[in-house]
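Encoded as structure tokens, the structure appears first; notes follow it.
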Amino acid sequence: MTRSTAASTDGQRGGGSVDPARRAGGRPGPWVAYGACVWSLLFAALSFYWAAGGRVGTGTIGPAVEGPALAREPGFVALLWATAVLKLVAAALALALLDGRPRWLPRWMLLLAGWGAAALLSLYGVANLAQHLLIVAGVVEVPAGLGRAALPWHLLLWDPVWLSGGLLFTLAAIRYSMLSIRTVRHK
């Protein structure tokens, strides 16, 4: 048996070595970036719906948000439109983390944006979850802007939504970091 036909212990023909991260399955697949994109698009759709006057689901947020949304306060409606557009930008960022960045965009800028989104979403989700768990434990009073009725919605829906977005963007940033490092090394 020649070296070119014999399979090595790492499963590669010719006895070549495999990057340990690939062999151990350490690099997240492209599904994480697609997942971050879908997460952003669904979240943007909800913001567009509320900005356009939709009312379903506003009671899950709390009086501080529900009141201005139902009253159609212009500043709040503008904020909803702005957050919806920002979530579309996040969807584009997620797709760019698949290594579909434009040539004019430096690698470090995409890494900064990806890690920035991951950090902001994760920190926001963790901070909200910590606050809401402290409220349930009786350590902290329920803020008037949240209201007792919205607390279960935050614990069971909104906190996990923010945390899942943070996780997806973190994994997408890790994947892009690993891919772009390998690309830079081979140039």
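The sequence shown begins at 1088 in this note's numbering and counts up by one.
Just so you know, even glycine gets a beta-carbon here, dropped at the ideal spot from N, CA and C.
query                                                                                                                                                       : result
What distance in whole Å lies between the Cβ atoms of K1174 and A1205, which are believed to be in contact at a cut-off of 8 angstroms?                     : At roughly 15 angstroms, the Cβ-Cβ gap does not stay under 8 angstroms, so A1205 and K1174 are not in contact.
Could you tell me which of G1154, G1122, W1126, L1133 sits nearest to A1237, measuring between CA atoms?                                                    : G1154
Let me know the secondary structure DSSP gives V1176 once reduced to three states.                                                                          : helix
Where in the stretch 1166–1224 do unbroken runs of the alpha helix (DSSP H), each at least 4 residues long, occur, reported from the N-terminal end onward? : 1194–1223
With a cut-off of 8 angstroms on the beta carbons, I'd call L1255 and V1143 a contact; round off their distance for me.                                     : Contact flag wrong, Cβ pair sits at about 25 angstroms.
Is it buried or exposed, A1231, if we count other Cβ atoms within 10 angstroms and call 16 or more buried?                                                  : exposed
What do you get for V1227, buried or exposed, if any count of 16 or more other CB atoms within 10 angstroms of its CB means buried?                         : exposed
Check G1140 in the structure and name its three-state DSSP category.                                                                                        : coil
The alpha helix (DSSP H) that contains E1153, what's its start and end?                                                                                     : 1150–1158
Have a look at T1170 and V1176 and give me their C-alpha separation to the nearest angstrom.                                                                : 10 angstroms
CA-CA distance, C1124 and A1259?                                                                                                                            : 10 angstroms
Pull up the distance between the alpha-carbon of V1213 and that of H1241, whole angstroms please.                                                           : 12 angstroms
Select from G1141, W1168, L1166, V1172 the residue whose C-alpha is nearest the C-alpha of L1157.                                                           : G1141
When DSSP labels each residue in this structure, what does G1162 get in the three-state scheme?                                                             : helix
Ordered along the chain, which non-local residues of its own chain (more than five positions away) have a Cβ less than 6 angstroms from that of F1135?      : A1171
Less than 8 angstroms separating the beta-carbons of L1180 and W1137?                                                                                       : no
Can you give me the C-alpha to C-alpha distance between D1186 and L1199, rounded to a whole angstrom?                                                       : 14 angstroms
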